[in-house]
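Residue numbers (this note's numbering): -11 to 636. Yeah, the Cβ is synthetic: ideal placement off N, Cα and C, and Gly gets one too. Note that the structure is predicted; figures quoted are calculated from it, not measured.
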Ligand code: ADP
């Protein structure tokens, strides 16, 4: 096949431009990215050859080699892993598959300084392209395991790349960088310096479980021509290369055998995150089912946390051999942001997902990991409240999904939840703290769901609670609409929506004989109005009744205790499910002059059409006050205009 020239996809081109004119301060990481790719390629080959014994691949000495040519000023990272076919090179190297890239590029352009840019690049893991920070030409030579034909890809990163087939290519991938001249100002070395390479590998890639080899310092200065010649070959078979990483799996080391920095590097390798994790969790279980786990709680949520099919962050190893990424059997969906490694002793190397799903030990392990993650968060609440606040801000919405899916952990999850509250504008509260502040005689934990704090606070349902200074939790995440339907209590206290059912202002009035008598009187007074309005608005509402939750507004709409709220209904509808229509309840404020007048008018005149329209308007206003939609807005506007006109 002749050499073909291709253009980079637009996003890829933009990204490359940024790499070339590097706004990125820490260029060393290009090596980490290449080694990380090589390590993945070795993992893939090992797995594929376990599953397919006809692959015909050489798996006898899987490793990564770093080769330096001082004269040509090139640096090569070579692996004998899975390699890529011609088509794969076109697909994987010429384009950027990640859909978040456009957004990333946009944010990168906005980034104020190099530190910002570093953070962003870390979050997106630009991988292979980072080579262009240090190289003015990159060549990738690769042959897929089991295939005979190789492929050569070359580019200077300026707009186009070429691809051609190549013969006699060793299995795996070699990426060769023609290094840019060393920066004069701040660089006393360049990337051909062995000590520098060793240092970078030690810092970023020490835990890689494959050997990373490099030829020793050429003995050229010492004068033996042969050994100097050895290092100039195309690598692979150099005599006496040195393994420059320790390969020791971090998770099997004891606590004092590993530094925090090392843990963080492993985290980066797994997560492609530039920031340090919030927490590192180590676990070790012995006995019939032995395993090590090293889990991380990230400091920020990834872009795609709520994208369907988002990958889970936990990798499975068996006896220190990488088995699979994205192991959803090990950690529940609602903890999908947890990153890390689980290394089990007693599984077979070719364990499949189907087997994992049925394995009793795996299920037990998953429960333990879940428990440990939740207890770590709990400890964070008391031990490091700031860190907890960050965690909750980033991941609270996801954790709350567990209230619906993980029955067994409900209490543990509720215990680490915090919610916005009327008690404090800035600081969320836990349920326990709420309970400790409950008023004498208050029996329920009150909450209201809604779109925003402002929308909830302005809703008429809150009036009586505000007047009596009863704390209400303000639940504004979509998932809140759902879990509050399923969970009715915490630590013996009932959870109750202020917008549903009877206000239930906790017996206070019951104890007060005077108030009780007053209520009875009102009931009598309004009985006629309520009966008439209930039948007049019967198409729209289930019932019209007196309210104990209003102080200022004339009326409000509430849902019946077990009925679906409008927000939940629209969520179901957005998912394509339709629910049977449910009517809601109109509550009237007996102390409001408008309601009083309505009552008098109804008693005097019986129902004429004027009164009927007034009732409609009261209902419409109640709907508008909670941010709801009118069935016939133009009719409402017309009725309103007529009345206004009459007042002028
Ligand atoms: P990422 O590693 O984040 O996916 P890269 O741009 O670094 O992004 O690589 C893109 C893809 O190219 C990889 O996902 C992998 O499929 C392939 N690739 C890169 N390097 C190698 C390699 N050394 N061996 C085999 N495939 C590779």
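Beta-carbon gap between residue i and residue j smaller than 8 Å
i: residue 196; j: residue 19; result: no
i: residue 34; j: residue 50; result: yes
i: residue 441; j: residue 417; result: no
i: residue 451; j: residue 329; result: no
i: residue 433; j: residue 419; result: yes
i: residue 64; j: residue 55; result: yes
i: residue 320; j: residue 295; result: no
i: residue 607; j: residue 574; result: yes
i: residue 164; j: residue 62; result: yes
i: residue 52; j: residue 67; result: yes
i: residue 590; j: residue 517; result: yes
i: residue 17; j: residue 192; result: yes
i: residue 614; j: residue 448; result: yes
i: residue 360; j: residue 258; result: no
i: residue 689; j: residue 581; result: Given that the chain is displayed from residue -11 to residue 636, the structure contains no residue 689 and the question cannot be resolved.
i: residue 378; j: residue 152; result: no
Own chain residues within Cβ distance below 6 Å of residue i, not counting five before or after
i: residue 138; result: 131, 154 and 157
i: residue 8; result: 120 and 145
i: residue 461; result: 407, 409 and 435
i: residue 638; result: Beyond the ends of the chain as shown, which are -11 and 636, falls residue 638; an answer cannot be given.
i: residue 349; result: 277
i: residue 288; result: 382
i: residue 148; result: -7 and -5
i: residue 310; result: 31
i: residue 303; result: 313 and 329
i: residue 27; result: 196 and 198
Limits of the unbroken beta strand (DSSP E) element including residue i
i: residue 544; result: 543 to 546
i: residue 684; result: The requested residue 684 is not part of the displayed model; the chain covers only -11 to 636.
i: residue 280; result: 279 to 285
i: residue 138; result: 138 to 143
i: residue 445; result: From DSSP, residue 445 is part of no beta strand (DSSP E) but of the alpha helix (DSSP H) over 441 to 445.
i: residue 161; result: 160 to 167
i: residue 149; result: 148 to 154
i: residue 481; result: 481 to 485
i: residue 192; result: Looking at the DSSP string, residue 192 is not in any beta strand (DSSP E); the run it does join, the alpha helix (DSSP H), is 182 to 193.
i: residue 562; result: From DSSP, residue 562 is part of no beta strand (DSSP E) but of the alpha helix (DSSP H) over 554 to 562.
i: residue 289; result: That residue, residue 289, is in no beta strand (DSSP E); it is neither H nor E in DSSP.
i: residue 124; result: 123 to 131
Residues near residue i by beta carbon distance below 8 Å, same chain, minus five either side
i: residue 375; result: 266, 267 and 368
i: residue 479; result: 419, 420 and 423
i: residue 388; result: 322, 401, 405, 465, 467, 468 and 471
i: residue 36; result: 43, 45, 70 and 133
i: residue 233; result: 189, 190, 193, 194, 195, 196, 199 and 200
Between the CA atoms of residue j and residue i - distance to the nearest angstrom
i: residue 205; j: residue 73; result: 34 Å
i: residue 201; j: residue 29; result: 16 Å
i: residue 133; j: residue 263; result: 35 Å
i: residue 71; j: residue 347; result: 33 Å
i: residue 411; j: residue 364; result: 27 Å
i: residue 639; j: residue 277; result: Lying before the first or after the last residue shown, residue 639 is absent from the chain, which here runs from -11 to 636.
i: residue 603; j: residue 583; result: 10 Å
i: residue 128; j: residue 140; result: 6 Å
i: residue 631; j: residue 529; result: 23 Å
i: residue 471; j: residue 629; result: 42 Å
i: residue 549; j: residue 345; result: 39 Å
i: residue 77; j: residue 126; result: 14 Å
i: residue 231; j: residue 353; result: 35 Å
i: residue 341; j: residue 313; result: 11 Å
i: residue 483; j: residue 272; result: 38 Å
i: residue 355; j: residue 316; result: 13 Å
i: residue 21; j: residue 459; result: 51 Å
i: residue 326; j: residue 443; result: 33 Å
i: residue 260; j: residue 286; result: 11 Å
i: residue 391; j: residue 585; result: 47 Å
is_contact[residue i, chain C] using C-beta, thresh 8 Å
i: residue 127; result: Although the question refers to chain C, the structure presented lacks it and comprises just one protein chain.
Extent of the continuous alpha helix (DSSP H) run through residue i
i: residue 460; result: Per DSSP, residue 460 belongs to no alpha helix (DSSP H) and is neither H nor E.
i: residue 245; result: No alpha helix (DSSP H) holds residue 245; DSSP gives it neither H nor E.
i: residue 524; result: 501 to 524
i: residue 350; result: 348 to 371
i: residue 303; result: Element bounds for residue 303: not the alpha helix (DSSP H) but the beta strand (DSSP E), 301 to 306.
i: residue 324; result: It is not in any alpha helix (DSSP H) - residue 324 carries neither H nor E in the DSSP assignment.
Sequence-distant residues of the same chain with beta carbon closer than 7 Å to residue i, five excluded per side
i: residue 385; result: 465 and 467
i: residue 300; result: 314, 315, 316, 319 and 324
So, do the stretch 266 to 285 and the stretch 240 to 253 have three or more beta carbon pairs nearer to each other than 8 Å?
yes
So does the stretch 503 to 511 actually touch the stretch 551 to 566, counting three or more Cβ pairs closer than 8 Å?
no
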